[in-house]
Each structure stands twice: as structure tokens, then as C-alpha cells.
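Trainee:
Protein chains in written order, with the numbering used here: chain F, 85 to 500; chain B, 159 to 547.
(1) So does the region 251 to 267 of chain B actually touch the region 310 to 324 of chain B, counting three or more Cβ pairs closer than 8 Å?
(2) Excluding the 5 residues preceding and the 5 following residue 202 of chain F in the sequence, name in chain order all residues of the same chain whose CB lies nearer than 7 Å to its CB.
(3) Strictly under 8 Å for the Cβ-Cβ distance: is residue 532 of chain B near chain F by that measure?
(4) Is the region 484 to 496 of chain B close to the region 422 to 441 of chain B, with three or more CB pairs under 8 Å?
(5) Tell me the DSSP secondary structure of residue 349 of chain B in three-state form.
(6) Any idea what DSSP makes of residue 340 of chain B, helix, strand or coil?
(7) For the region 173 to 187 of chain F, which residues have a CB atom closer than 7 Å to at least one CB atom of chain B, in sequence order?
(8) Applying the 10 Å Cβ sphere with the 16-neighbour rule, what's the burial state of residue 117 of chain F?
(9) For residue 510 of chain F, which residues in chain B fall below 8 Å Cβ to Cβ?
(10) So the beta strand (DSSP E) residue 255 of chain F belongs to, where does it begin and stop?
(11) Does residue 479 of chain B pass the burial test, meaning 16 or more other C-beta atoms within 10 Å, or should it be called exposed?
(12) Could you give the residue range of the alpha helix (DSSP H) that holds residue 467 of chain F?
(13) Quick check: is the beta carbon of residue 507 of chain B nearer than 8 Å to any beta carbon in chain F?
(14) Is residue 189 of chain F close to chain B? Criterion is C-beta to C-beta, closer than 8 Å.
(15) Closest to residue 179 of chain B by C-alpha separation, out of B:188, B:471, B:358 and B:521, would be which residue?
(16) CA-CA distance, residue 456 of chain F and residue 465 of chain F?
(17) Quick check on the DSSP output: the alpha helix (DSSP H) that includes residue 191 of chain B runs from which residue to which?
(18) With DSSP as the reference, label residue 295 of chain B as helix, strand or coil.
(19) Listed in chain order, which residues of the region 289 to 300 of chain B have Cβ atoms closer than 7 Å to some Cβ of chain F?
(20) Going straight from the alpha carbon of residue 332 of chain B to that of residue 322 of chain B, what length do you get?
(21) Anything in chain F within Cβ reach of residue 318 of chain B, meaning under 9 Å, just list it in chain order.
(22) Going along chain F in order, which residues have a C-beta closer than 8 Å to the C-beta of residue 567 of chain B?
(23) Which residues in chain F have a C-beta closer than 7 Å to the C-beta of residue 409 of chain B? List them in chain order.
(24) When DSSP labels each residue in this structure, what does residue 158 of chain F get in the three-state scheme?
(25) Anything in chain B within Cβ reach of residue 274 of chain F, meaning under 8 Å, just list it in chain order.
(26) Would residue 356 of chain B pass as an interface residue toward chain F - the criterion being a Cβ-Cβ separation below 8 Å?
(27) Can you list the residues of chain B that residue 426 of chain F reaches, using a CB-CB cut of under 9 Å?
(28) Could you say which of F:172, F:408, F:205 and F:496 lies nearest to residue 236 of chain F if we only look at CA atoms?
(29) Taking Cβ positions only, does residue 451 of chain B come closer than 8 Å to chain F?
(30) I want to see whether chain F comes within less than 8 Å of residue 468 of chain B, judged by CB atoms only; does it?
(31) Out of curiosity, what's the CA-to-CA distance linking residue 348 of chain F and residue 316 of chain F?
(32) Give the DSSP bridge partners of residue 250 of chain B, in chain order.
(33) Given a limit of 7 Å on CB to CB distance, which residues of the region 104 to 124 of chain F reach chain B?
(34) Return the residues of the region 135 to 156 of chain F that lie within a Cβ-Cβ distance of less than 9 Å from chain B, sorted by chain order.
(35) Anything in chain B within Cβ reach of residue 226 of chain F, meaning under 8 Å, just list it in chain order.
(36) Residues of chain F with CB closer than 8 Å to the CB of residue 360 of chain B, please, in chain order.
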């Protein structure tokens, strides 16, 4: 049983703030395949296309038949814990701060043996375990040995909490509360145990529906935040920047035009101003504060979530300028991820298909319900996933894009 | 499989130790140079007559053995670089012996040398191998401690070994080390102290671990005729084996590659395990010493705990093991640790072991074990050395 995490005491301001020393991040190019799968929540190992042998550690030639045709394939992770140890000494600063640290050696049913971080609920060896791949604070995949049957509070495991960005007891900023997605995000964060949810509100004089419901929640505070206005972002960052643990940037402008459908650039500029420059302004003001608190105990600053769009991967001409602004935001989010990585702050990019909201009224189902999007984001934070493609349409686009981006472009251009 | 040809006519001589220091600001080249100078001085062979060089080091980079030739002003006609750590002593000897037999070289210097800067151990762990960088170092960064914790815990559970059994090995080696002026550890160790030591990676405790340091070990390989001409005391090679990545199908290491070839080793030497007067096992962790007792045929698999309870492993005992104190008590000077057993075996067989001499030692076995690239050591080797007849 994992002891449930208790609400941490208020921080004593005269005690030192623990600084982040990342766990070892060196990996070879081939080994980064494990990270690519873990970034989306999957545990994959190389499998030989010729003889079927599963390989680990990652390598360039099959250890059974010498074929170089090795493909990453999803694993069940089921296996036998052969041996375990608890480290009381480490040569690395990240682990020295976090000793004792439990490790296991697992024989996967599919063949290879793996060194893993071991969840506290896994019993003494020999016993059955389920291995999963997670991103660690350095943004690199590591393998984790989990119990076959976890208890209710298993997410509160000390080691797991170091890997994930669970909102429980954390302070969250949701940048736009006026949309259905924003309101569902607020509810989902409160339900996930967030301590405080600040909710941005760009135009407090306008009465949008639904705000009263969420502001009635005791954890929720409305704050003025207009992402088109640098001064507004700076002021809010000055007020709460040093306290925010998770930023969820869901503010977006979405209009449904291509190039020929509307003259001029006013709408496209507005889309860029929020979707791209808004992210830039927010990241410049809130990024440094997050980086400074990334190792600050069990409720450290931990993650930055960007609401992008599956159309960031490939333009959807009926929403052409929106797609372009999201592609720009995606590119900037990759820059943000690179800049946040040295501090161990996870940048989570979310690529939904059409959301069931007012700007997708002409889109046929299936559409993603705002509540479904919000729970996908909470799940990604809890499981340490950094690329999220929620919903059937996003999954389908992703599959087609990965299969052949050129074919997708042609299909979409002909209305498919 | 063809049988190995004999090592007849090969002499191994002039064991050299460059005294160990915990940390050094000097480079590996400095320790190598000291070792070569001592070889030249003690053998009475001019440097120009060293026509073969075999080097093992972890801290020579970016140089390799060939860089050493220019640095030291050597011009050998035979050169080898054997970066296999704990197995390199045995492996260098085998290669050098064949070079001498084939006439490719007449006098081969075999040197294991490493420096140890304040932070070099940590830095070497993360870049030790591709597999270590990708699949072990990110997991707690315990280095080999965590791998051997797995192996030790599994061995204890499978064969009923207790910490006390491993303690007997460590305590006996410390007793040997007290008779070795070059040993880093000068204080006696009791079994109680061993048991009370702080945990490092359960079930590994402090005195199960070696202390990294800087230093060098070296010896010369030449023909018996040449050794006699030079008036050198020497040992002969009765048999030698090596094996790499053995038993890869075992999910966790319970036996080492010695077991694959040990019958050949004893057959080549024309002796049985009982005939061996002392052993120099590779002692990165006591569990591996125990496995060598088993896999080299001194007792059956799983009988290691009973074996160490029944035998006295000190230089005065009935089964002397690691007469120098081993790395556990003399220190682990990087690749030199793979030579430590060899140089002390040579001292035992050439009458220069001083107060730690094993009485009437005529036949010694030196085992090597090196390179934890992922979850086990890959290189194993062993050699039986004897006094010349």
C-alpha cells in the first residue's frame, strides 16, 4: 500500500529551496526510441523483424540473428522481478537528494532483462511485475516496475511523483476560463486535487456563461489575464508567478477561414496574437519562475501544458489560418520544451481534433467533448506523458500523418 | 574445437607495483611511465630491448597504447591495447605469451595503469559503455554497486548464502593486506565490523565494495631462455583460458565463463583443482569470489558458502585467496586491478612475497573478470602459473 500523500505544510521561507539537478540524460540516438514512445505513454522495445527476438538495451543489430531490421513494438511489460535493491549511495546529485531509492531487475516474459525503478508497492523478489516506460525529470524515458495490482494511492508513490506532474496539492493557472474547455479544465484540476486554480479572464466586463459555476468552487480564483497585452501578463506573473506549479495555456482564437474566404489579415493577426504571441508572452513571464522552483519538494513546479491542434501537424484548409497559427505555436512549444528541459519542467503539447464547441459547428462527429479533453490533460500530467492526441479524429490524423504526410496533405486538399 | 597449444617455453617475470594513492592529479601516462621504468630497472633490460607492449587503462583517453610508445620513447614491433579492466591481466598475458612463442616479440611489457582524479570515478560510470549510458546509469547511478546488489541478492536467495559468508572472504583478505606494504587499507577488519558497516545497495555494504584509486601493476613476458640469460626469477604458464559473454541466456548472473573452459585449463596444465596452492580471484565483490571458487571447480555450484566456512582463506590458511589483500583491501587502481592477482602470484612463485608468502607455493591460479557493460561482467579468464621445473 502506498501511503496517501498528505497536504504539505506551508513552506518555511527561510529554508533553502532545493535546486534541480537533473537525473542523467545522456542517451544514444537509438535509445531515444524508448523516449519517443514513452512521450506518448507507450512502452516499446525493439523487436527483430526477421526472427522476432525482443532486444534490450536498445541496439543496432539483433543479438539472435544479426539482422539490422529492428522495429519498436509495444510491450505488455509483464515479467518477473528477479532481484531488487535499495540504494543508500549514489554517484549522481539527483539521486543523492532522493535516497534511499529502490531498483529492480526484471525478466520480461518477452525475453529481455531490464533494470527498472521500482514502485514501493512491488513486493520482495521473486514476484510478478508490470513494467512501464515513463519520462523522468530530464525528459528521458526510464523503465518503472509497477505492482500487478496497484492500490488506490499508488500515484502518490515517492518515486513515481518524481517522474510525473500530478496536479494533486499543486497550484494551477488556467489561462482562459470563459470557454467550455477552460471551465472543464478547471473542474478537472479541482477534482484531481489541485490546491489552487487561478483562472484567467481577459474581459471581466463581459458576462460569459458558466463562470459563476466554477468560481463557486473554493479552490478557484479569477484573475485578469489578457494574452494580447504584455503588461497584463507581466502583472499577473508578478503576482502569482512564483507560486504556479502548472501552467495550462488553453487561450485560443479559432476562426474558420482559409485564404480566399476573407479579405485582409485582421482575423489571422488575432489568431496569431493569441495562439502564437500569447504563448510567447506567457512563456517569457512565467517560464523563469517555474524553472526556479522545479525541485521544490513534493509540490514543486512541474509542467506547462499547451492546447494546440491536430491541424498543427498538417493544414486543414477550411480552418487554414487557425491551422497556421497552431503550427507556429507548436514550433514555439518545441523551443519552450528545450528551454524548460534543463530545469526538469515538462512541456505537454496537446493536439486535439475538432472540439465540440461553437467554432466547429460545421464539423461532423466524432468531436471531442470539452470534458473529455480536460480529463485527457489531467491523465497526461498524472502519467508523465508529453505529447497527447486526444480523441478519435486526432488519433486518425496522427496515424495518417505518420504513415505519409504527403498523402495526408493531398487527401485533406480533396476534402478527405 | 581445436585444443589450445601449450604455452611451453614462456616465462613471466618482474612483477611491478606503482604504489597506489586514493586520488592523484597526475595522468595515467605518469603511472604507466613509472611502471615501465621499474620494469627496465628491475629486469636489467634496456628500454630499447622492450619490443612488445600490451597496455590496459581506462583513463588513457584520448590516447591508446600507440600514443604510449611515442610518449615513452618505445619502438615495439608488437603492440596491443586490451581495455578489458578486470580481465586484462590474464588477457594481456595470453597475448604476450603467444607473441613470444611466435617470435613476433622477445620482451613484452604488460602494464595496467590508471589515474583517479577527484571526480573521475563518477564521470567514468556514465560513459562506461553504451548500454550503461542508456540502461543502467540513469537508474540511481549506483554504478556496479546496484548490478552486483542484484546478483548478490539473487545468489543469497538461490543458494542460501548469508552476509557472514561474504564477510569471511573480506576479513581474510584484509588479514593478507596487513602483510602487504602497498595495500591502501592498514587497519584490521573483524567480521563484526564487516556486519555493522553501512549499507550501500542492499545487500551490499561498505566492506563489499572496493576503493577506486590510482596506481599501476606490470610484468614482463619473454622466453624462458631469455629470462635465464637475464638471471630473472620467473614463473611459467601452465595453462590459460578466456571467454566472453558466456551464459548470456541466464537472465541473471549465477555463473561465470570460467565454467565453460575450466576442464581445458586443468587438462592443459595437467593438474587438478586440489593441486593449486593459492588462488588470486577477481574480487570486485565477494559474491564473485565465491562464484569463482565454484566455477573454477574448487567446489560445486551453490557450495560456495559452505566452502568459505570450511576453509581458511588467509596466506597461512589451507586455501590462500588474494594474497595481496585483493582490491577489496589493497585498493582498485582501475585497470591495474586486473593485474593485481598476476603480480602477486608472480611474487609468490618467485620467492618475493615476503611476509605474505604462501608456504611451498608451486602452483597458483589467477582469474580475471571484467567489464560490466550492462547487467553482468562479460570477460572472464584464468591462468595457471607454476615454478619452472
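C-beta: ideal position from N, C-alpha, C; glycine also. Model, not experiment: these values are computed from the prediction.
Mentor: Walking through what the data contain:
(1) Flag = no, the region 251 to 267 of chain B and the region 310 to 324 of chain B do not touch.
(2) 168, 186, 187, 188 and 229
(3) yes
(4) yes
(5) helix
(6) DSSP places residue 340 of chain B in coil when its eight states are reduced to three.
(7) 173, 174, 175, 176, 179, 185 and 187
(8) Counting of Cβ neighbours within 10 angstroms places residue 117 of chain F among the buried residues, the total reaching 16 or more.
(9) Since the displayed chain F opens at 85 and closes at 500, residue 510 of chain F lies outside it and no answer follows.
(10) 255 to 258
(11) buried
(12) 454 to 467
(13) no
(14) yes
(15) B:188
(16) Taking the straight line joining both Cα atoms gives about 14 Å.
(17) 186 to 201
(18) It is coil, neither helix nor strand.
(19) 289, 291, 292, 293, 294, 295, 296, 297, 298, 299 and 300
(20) 15 Å
(21) None at all; the shortest Cβ gap to chain F is about 15 Å.
(22) The structure shown does not extend to residue 567 of chain B, since chain B is modelled only from 159 to 547, so the question has no answer here.
(23) 166, 191 and 197
(24) strand
(25) Residues of chain B passing the Cβ test: none, with the nearest at roughly 35 Å.
(26) Look at residue 356 of chain B: its C-beta is under 8 Å from a C-beta on chain F.
(27) Simply none; closest approach about 16 Å.
(28) F:205
(29) no
(30) no
(31) 28 Å
(32) Checking the DSSP bridge columns, you'll see residue 250 of chain B has no partner listed.
(33) 107, 108, 110, 111, 112 and 115
(34) 140, 141, 142, 143 and 147
(35) 296 and 297
(36) 169, 170 and 172
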